[in-house]
Structures are given as structure tokens and as C-alpha cells.
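S.K.: Mind looking over this structure? Questions follow.
Chains as they are written, first to last, in the working numbering: chain A, 4 to 129; chain B, 2 to 491.
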């Protein structure tokens with residue numbers, strides 16, 4: 004019983020971190036294993052999402068408020084840290100730029116080779 | 002007083018207003034990078050004497066440092082920003098006649114953005130800001146590698162993009178962990194509090210950040226993108242990637258290890274072996290190449306290994322030597338890529354065997370290439386000699402068997418380097434030449450930047466004291482982290 008409640012407590016405290024790193028590992032696995040370039044790009048996107056979720060959860064407080072003294076009686080200790088949210092906004096924008104570039108390069112690559120299979124695209128070698 | 006913010010703001014503003022200039026006249030677009038980097042060069046050189054006195058700390062938004070985003074223009078920052086502005090200026094002069102086809106406007110925008118990002122990385126005092134500027138460098142270099150849009154370019158850009166963005170994600174996770182531990186993103190503030198945390202819990206962010214930055218810095222197991230990207234980009238971009246982009250990545254690694262984490266002897270030992278591995282791997286792969294640009298790219302990896310090795314020794318002389326080697330590599334590799342760019346344009350091939358007898362067709366370009374090759378190997382009248390000499394002397398001054406053995410490996414690497422560079426020089430001058438198609442030198446605008454680089458290489462090589470004071474104070478900024486913390490936090 005005690006073990007179970009400990010487990011539930013652990014999950015309650017760390018569920019965001021577990022989720023975030025889960026996404027990071029899923030993304031990495033896709034990037035390493037998949038042969039199709041589009042799938043690799045999807046992996047990159049999942050990896051990005053995991054990192055963003057991780058950043059948000061660093062500053063997250065359960066049932067917290069926005070860090071603005073909009074009305075009386077707001078406790079500053081219960082406010083969510085705004086810095087990670089600003090970081091995530093920036094990271095999302097960067098992620099979108101990289102993703103767009105990756106997709107446009109994928110289109111170019113398809114025009115040149117007629118395939119997106121990365122095992123078949125290897126003119127550049129060591 | 003000149004404000005160091007201008008070093009970032011002016012090129013950034015010009016980059017985004019460049020299409021507007023394009024509306025006035027298509028002809029003036031290519032002169033805008035030249036103007037921007039003349040400005041940056043002037044501002045940086047005006048800042049040098051002040052910075053040697055004490056670092057300039059600029060807080061943005063009017064709050065005192067730990068609460069705001071700040072710029073730290075110390076000796077290291079200004080050394081790098083001067084170098085970036087100088088190489089940026091020379092390569093943009095080169096590009097005036099080199100870049101003729103393709104979407105020129107986009108080339109110049111991305112080129113300005115790449116170097117603005119690099120300047121931002123070396124000047125910022127905030128670790129997340131470092132990440133953002135780093136991404137500007139990365140994204141613009143991905144797209145510039147694919148500028149020609151041919152098979153090789155696009156393929157290497159995709160390779161570079163995938164590896165680079167995985168690296169950036171690692172870097173971001175590391176930064177997030179640091180923020181979770183310390184609640185601040187200011188590098189000086191993190192550095193001040195780093196000893197209050199157990200070494201085990203800062204080990205994970207350290208590893209993640211070094212891995213992330215190591216991809217761009219081309220440290221050994223993370224550099225498989227580099228030979229492809231450097232060899233299939235346009236030559237002017239190869240010069241920037243090899244001369245600036247890797248160095249900026251290396252700067253970030255060094256800043257993180259020396260200033261933020263205040264490196265322990267274990268980390269320095271790790272750097273030593275990483276450096277030697279990178280050096281030997283790079284030189285041996287370069288030796289077996291037939292493609293001249295791939296050879297130069299692998300030689301860059303070798304040079305990076307040497308610089309990492311120098312920083313791993315971590316004495317005052319060694320760090321000075323490492324910075325000196327960095328400056329020397331930037332100047333020399335830029336010269337080599339610029340010279341090779343026009344040789345490739347004339348022969349139409351990157352194969353070394355097609356360069357036979359080109360010494361008679363393009364005497365000035367070949368001379369520039371030869372001087373660059375001699376300098377990078379480390380022959381005396383050129384800049385490569387004093388820098389390598391400082392590193393070897395610093396390693397021998399440690400007076401331990403380990404360092405003597407390691408310096409043996411470094412010298413072995415230099416011998417291999419000499420072998421493959423002299424092979425190219427030999428085929429340029431002493432082979433072929435039976436069917437001489439007549440002399441056709443590169444255009445004048447291309448010869449000017451090469452000429453200036455040659456003057457710098459010989460000038461600093463003969464009289465190293467020209468820059469040694471700057472390098473010494475930069476080395477002491479890196480080694481005395483408490484001075485850095487004090488100058489930022491007051």
C-alpha cells in the first residue's frame with residue numbers, strides 16, 4: 004500500500020519529466036532508425052517537442068497563477084516561472100525555422116534522386 | 002564610447018533591410034555586406050584598447066546584470082569579433098565577383114546573418130542568448146551549404162541539418178537543466194554558484210552542453226557532417242564555415258568549460274585526448290583524399306584537434322598558444338579556400354590531379370595557396386610557426402612524460418599534414434605544363450582579399466608581438482574566471 008502511494012506520489016511529481024524525456028528518446032530513436040527522410044524530420048519535430056515540454060515543466064507549478072499582480076491576494080510563491088515560457092516561445096520559433104528548412108531541402112533532394120530513402124542517397128562518403 | 006551592441010545591431014538591421022536596397026538597385030546589394038563589415042571592423046578595433054583595460058559590460062533593458070540579458074565585451078569577445086569582421090569583410094569582397102549565379106540576394110542576407118550570429122555568440126553573457134545566436138549561425142549555414150542547389154550540396158545540407166539540430170536539442174536540454182538547478186541564465190551568475198552544487202548533478206548538463214556544441218565545433222566523434230558540408234558549399238562559404246563557424250563553436254565549448262564550469266583536471270584530461278584523437282583522425286583522413294576541398298576540410302578537423310589539445314593543457318602559455326593557433330587557422334584556412342575556389346573555377350574540377358601546371362596559369366593564386374599551405378604546416382616566416390611553437394613549448398613546460406608523448410603525436414600529425422600539402426604544391430608547380438593553355442589569372446577583386454591575408458600571415462608570422470598582448474589578456478580572461486564574474490556582477 005505504502006509502495007503504491009509512493010509510486011503515485013512519484014508519478015505526480017515527475018510525470019512531466021518522464022513525458023518530456025520519453026518524447027526525446029522516441030524522437031532520437033526515429034532519427035536513428037528510420038530510413039525515410041520525412042520520418043526523420045518527424046523525429047526531429049518530436050525531439051523538439053520533448054525539449055519544449057521539458058523546459059516548460061522546469062518552471063511549472065501545479066495550479067499556479069500567471070506571474071502578474073492582477074488582483075489582491077495573489078501569492079508570489081504560487082506564480083509560474085515566466086522565464087522558461089519565454090525560452091520555449093523562442094525555441095518553438097527556432098524549431099519551426101529548422102523544420103521548414105528541412106522540408107524544403109527534402110523536396111530538393113527528391114527532385115535530384117527521385118527517392119527519400121536515406122540508404123540509397125549516399126554519394127557523399129568518407 | 003562606442004557601444005558593442007552596434008556590432009550585432011548594424012549587420013542584423015542591414016541583413017533584413019537588404020531586400021529594400023534591392024528595390025532601389027540590384028547592383029548595390031552585394032556591396033552591403035562589405036559596408037557592414039567595414040563598420041564592424043572599425044568599431045571592434047576602436048574597442049580593443051578600452052577592452053584591454055577592463056571588460057565592457059552592457060546590460061540591456063536597464064536592469065543590473067543577473068536580471069537582464071547582458072553583453073560582455075571582454076578581450077576574448079573583441080578578439081573574436083575583430084577576427085569575424087576582418088574575415089567577413091575579405092570574403093565579402095571576394096564574393097563580389099565569385100557569386101554570380103543563383104539567388105544572390107538570399108546569399109547576401111544569409112551571409113550577413115551567419116556572421117551576425119557568430120558575433121552575437123562571442124559577445125553575449127547569457128547562456129540562452131548564446132543558444133539563440135548559435136541557432137542563427139547554424140540555420141544560415143545549413144541553407145548556405147545548399148546554396149548551389151546541386152545534388153552534393155543538398156545532400157550534405159540535409160546531413161548537416163539533422164546532426165546539427167539534434168546537437169542543438171541536446172544543448173537546449175543542458176541549458177534547461179542548468180536553469181532548473183540555478184534559476185538563472187546569466188553565465189557569470191551560474192559560474193559564481195557552480196561550486197555550491199555537487200559535481201555529480203552538474204555533470205549531466207555539462208555533458209549535454211559539450212555534446213551539443215561539439216557538433217558545430219567538429220570535435221572528433223561528432224564531425225562526420227563537416228567534410229561533406231565544407232566541400233560542397235560555394236568556396237566563399239567554405240572559407241567562412243572553416244574559418245569562423247567551427248571556431249565559434251569551439252569558443253562556446255571553451256567558454257562553457259573554462260568560465261561556467263571552471264574546468265577540473267579530469268575535464269582537461271578529457272579535452273587533451275579528444276584533441277589528439279581529432280587531430281590524428283583529421284590528418285590521416287586528409288592524407289587519403291583526392292578532392293582538394295575535402296582535403297582542406299579534413300585538415301580543418303585536424304587543426305581543431307590541435308586547438309582543443311592546447312586548451313586541454315590549460316596553462317597560461319598553452320591557452321595563449323591555442324588562441325594564437327585559432328587566429329592562425331582562421332586566416333590561413335580562409336586564404337586556402339579562397340585560392341582554391343578560383344583554381345576550381347578555372348580547371349572545372351576538384352580533383353588534385355587536374356591542378357597540374359596551374360602554377361604557370363594562375364601565378365598569384367598559386368603563390369597564395371602555397372603560402373597558406375606552408376603556414377598551416379608551420380614553416381617559420383608564416384603565422385603557423387609561432388602558434389604551433391607556443392603550443393609545443395607550453396606542453397613541454399609541463400615536464401611530464403604524458404605531455405611529451407602527446408606532443409609526439411601532435412608532431413606526427415604535423416608531418417602527415419606537411420606530406421599532403423606539399424604533394425599539392427608539388428603538383429601545382431612541378432608537374433604537367435606540357436599543354437599550356439595560356440595564362441588566366443583570377444580577377445582583381447579576388448586577388449585583393451588574398452593579398453591582404455598573405456600580408457597578415459607573413460606580418461604576424463615575422464612579428465608575433467603584434468597580437469600577442471591581446472591574446473595574453475584573452476587567455477587570462479578565460480583562466481581567471483573570478484575576474485570575469487566580478488566584472489559582470491560588480
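Where is the CB? At the ideal position from N, CA and C, for every residue including glycine.
Check each residue of the region 47-72 of chain A: if its Cβ is closer than 7 Å to any Cβ of chain B, include it; give the result in chain order.
M.R.: 47, 50, 51, 54, 57, 58 and 61
S.K.: Could you pull out every residue in the same chain whose Cβ sits closer than 7 Å to the Cβ of residue 78 (chain B), ignoring the five residues on either side in sequence?
M.R.: Here residue 78 (chain B) corresponds to residue number 77 of the second chain, with the count starting at 1. So the qualifying residues of the chain are 123 and 124.
S.K.: Can you tell me which of the three DSSP states residue 60 (chain B) falls into?
M.R.: On the second chain, position 59 is the one that residue 60 (chain B) refers to. Strand, per DSSP.
S.K.: Name the two residues that bound the continuous beta strand (DSSP E) containing residue 456 (chain B).
M.R.: Residue 456 (chain B) sits at position 455 when you count from the first residue of the second chain. Segment 445-463 is the alpha helix (DSSP H) holding residue 456 (chain B); no beta strand (DSSP E) there.
S.K.: Using a Cβ-Cβ cut-off of 6 Å (strictly less than) and excluding sequence neighbours within five positions of residue 490 (chain B), which residues of its own chain qualify?
M.R.: Within the second chain, residue 490 (chain B) is the residue found at index 489, counting from 1. Excluding residues within five positions, the ones whose Cβ falls inside 6 Å are 66 and 189.
S.K.: Any idea what DSSP makes of residue 351 (chain B), helix, strand or coil?
M.R.: Counted from its first residue, the second chain places residue 351 (chain B) at position 350. Residue 351 (chain B): coil per DSSP, three-state reduction.
S.K.: Please report how far the alpha carbon of residue 129 (chain A) lies from the alpha carbon of residue 60 (chain B), in whole angstroms.
M.R.: The count along the first chain starts at 1 and reaches residue 129 (chain A) at position 126. The count along the second chain starts at 1 and reaches residue 60 (chain B) at position 59. Since pLDDT at residue 129 (chain A) reaches only 48, below the 50 mark, its modelled position is unreliable, and the value read off the structure follows with that caveat. Their backbone Cα atoms lie some 46 Å apart in a straight line.
S.K.: What residues from the region 114-142 of chain B come within 7 Å of chain A, judged by C-beta to C-beta, listed N to C?
M.R.: 129, 133, 136 and 140
S.K.: If the cut is a Cβ gap below 7 Å, which residues of chain B does residue 99 (chain A) touch?
M.R.: Within the first chain, the letter at position 96 stands for residue 99 (chain A). Within chain B, no residue comes near residue 99 (chain A); the closest Cβ sits about 11 Å away, beyond 7 Å.
S.K.: What are the boundary residues of the beta strand (DSSP E) that residue 55 (chain A) is part of?
M.R.: Walking along the first chain from the start, residue 55 (chain A) turns up at place 52. Run containing residue 55 (chain A): none in the beta strand (DSSP E); it sits in the alpha helix (DSSP H), 40-61.
S.K.: Under 8 Å, with one C-beta from each stretch per pair, do the region 459-473 of chain B and the region 101-108 of chain B reach the 3-pair mark?
M.R.: no
S.K.: Is residue 220 (chain B) helix, strand or coil when you go by DSSP?
M.R.: Walking along the second chain from the start, residue 220 (chain B) turns up at place 219. Coil, per DSSP.
S.K.: How far does the alpha helix (DSSP H) with residue 96 (chain A) in it reach, from first residue to last?
M.R.: What you label residue 96 (chain A) is simply residue 93 of the first chain in a count that begins at 1. Run containing residue 96 (chain A): 85-116, per the alpha helix (DSSP H) assignment.
S.K.: Chain A partners of residue 439 (chain B), CB-CB under 9 Å?
M.R.: Translated into positions along the second chain, residue 439 (chain B) becomes position 438. None at all; the shortest Cβ gap to chain A is about 34 Å.
S.K.: With a threshold of 7 Å on Cβ separation, who are the neighbours of residue 90 (chain B) within its own chain once the five nearest residues in sequence on each side are excluded?
M.R.: Looking up residue 90 (chain B) in the second chain gives position 89. Once the five neighbours on either side are set aside, the close Cβ partners of residue 90 (chain B) are 35, 38, 39 and 42.
S.K.: If you draw a straight line from the C-alpha of residue 58 (chain A) to the C-alpha of residue 479 (chain B), how long is it?
M.R.: Here residue 58 (chain A) is taken as the residue at index 55 of the first chain, counted from 1. Here residue 479 (chain B) is taken as the residue at index 478 of the second chain, counted from 1. Distance between the alpha carbons of residue 58 (chain A) and residue 479 (chain B): 29 Å.
S.K.: Rank B:10, B:452 and B:62 by C-alpha distance to the C-alpha of residue 369 (chain B) and give the top, closest one.
M.R.: Looking up residue 369 (chain B) in the second chain gives position 368. Comparing Cα-Cα distances from residue 369 (chain B) to each of B:10, B:452 and B:62, the minimum goes to B:452.
S.K.: Please state whether DSSP places residue 363 (chain B) in a helix, a strand or coil.
M.R.: Position 362 of the second chain, counted from the start, is the residue given in the question as residue 363 (chain B). The three-state reading of DSSP puts residue 363 (chain B) in coil, since its state is none of H, G, I, E or B.
S.K.: Sorted by chain position, which residues of the same chain lie with C-beta nearer than 6 Å to residue 226 (chain B)'s C-beta, five sequence neighbours on each side aside?
M.R.: Reading the second chain from its first residue, position 225 is the one you call residue 226 (chain B). 160, 161 and 164.
S.K.: Please list the partners that residue 172 (chain A) has in chain B, where partner means a Cβ-to-Cβ separation under 7 Å.
M.R.: A question about residue 172 (chain A) goes unanswered here, because the residues of chain A that appear run from 4 up to 129.
S.K.: Here's the rule: buried if 16 or more other CB atoms are within 10 angstroms of the residue's CB, otherwise exposed. What is residue 229 (chain B)?
M.R.: Along the second chain, one-based indexing puts residue 229 (chain B) at 228. So residue 229 (chain B) ends up on the buried side.
S.K.: Any Cβ of chain A within less than 8 Å of the Cβ of residue 152 (chain B)?
M.R.: To locate residue 152 (chain B), count along the second chain from 1; it is residue 151. So yes, residue 152 (chain B) belongs to the interface.
S.K.: Check the Cβ-Cβ distances between residue 478 (chain B) and every residue of chain E, and say whether any is below 8 Å.
M.R.: Given the protein chain composition of this structure (A and B), no chain E is represented.
S.K.: Output yes if chain B places a C-beta closer than 8 Å to the C-beta of residue 118 (chain A); else output no.
M.R.: Residue numbering aside, residue 118 (chain A) sits at position 115 when the first chain is read from its first letter. No - not a single Cβ of chain B is within 8 Å of the one on residue 118 (chain A).
S.K.: Return helix, strand or coil for residue 86 (chain B), following the three-state DSSP convention.
M.R.: Here residue 86 (chain B) refers to the residue found at position 85 when the second chain is read from its first residue. DSSP places residue 86 (chain B) in helix when its eight states are reduced to three.
S.K.: Using only the alpha-carbon positions, how far apart do residue 220 (chain B) and residue 305 (chain B) sit?
M.R.: Along the second chain, read from residue 1 onward, the residue named residue 220 (chain B) stands at position 219. Along the second chain, read from residue 1 onward, the residue named residue 305 (chain B) stands at position 304. C-alpha separation (whole angstroms): 7 Å.
S.K.: Which two residues bound the contiguous alpha helix (DSSP H) that contains residue 277 (chain B)?
M.R.: Locating residue 277 (chain B) in the second chain gives position 276, counting from the first residue. Taken as a continuous stretch (DSSP letters only), the alpha helix (DSSP H) holding residue 277 (chain B) covers 266-288.
S.K.: Mind checking if residue 463 (chain B) is an interface residue toward chain A, Cβ cutoff 8 Å exclusive?
M.R.: As a first step, residue 463 (chain B) must be located in the second chain, where it is residue number 462. So no, residue 463 (chain B) is outside the interface.
S.K.: Please list the terminal residues of the continuous alpha helix (DSSP H) segment that includes residue 230 (chain B).
M.R.: Position 229 of the second chain holds residue 230 (chain B). First-last of the alpha helix (DSSP H) with residue 230 (chain B): 227-233.
S.K.: Considering only the alpha carbon of each residue, which of B:441, B:278 and B:262 lies closest to residue 202 (chain B)?
M.R.: By one-based count along the second chain, residue 202 (chain B) stands at place 201. Considering only alpha carbons, the answer is B:262.
S.K.: Exposed or buried, residue 236 (chain B), counting other C-beta atoms within 10 Å across all chains shown (16 or more means buried)?
M.R.: In the second chain, the residue the question calls residue 236 (chain B) occupies position 235. Buried, since its Cβ has 16 or more Cβ neighbours within 10 Å.
S.K.: Can the beta-carbon of residue 454 (chain B) be found less than 8 Å from the beta-carbon of residue 335 (chain B)?
M.R.: For the purposes of this step, residue 454 (chain B) is taken as residue 453 along the second chain, with counting starting at 1. For the purposes of this step, residue 335 (chain B) is taken as residue 334 along the second chain, with counting starting at 1. The answer is yes: Cβ separation under 8 Å.
S.K.: So residue 6 (chain B) and residue 47 (chain B) are supposed to be a Cβ contact under 8 Å. How far apart are they, rounded?
M.R.: In the second chain, the residue the question calls residue 6 (chain B) occupies position 5. In the second chain, the residue the question calls residue 47 (chain B) occupies position 46. The pair is not a contact, with the Cβ atoms about 14 Å apart (cut-off 8 Å).
S.K.: Is DSSP giving residue 3 (chain B) helix, strand or coil here?
M.R.: The count along the second chain starts at 1 and reaches residue 3 (chain B) at position 2. Residue 3 (chain B): coil per DSSP, three-state reduction.
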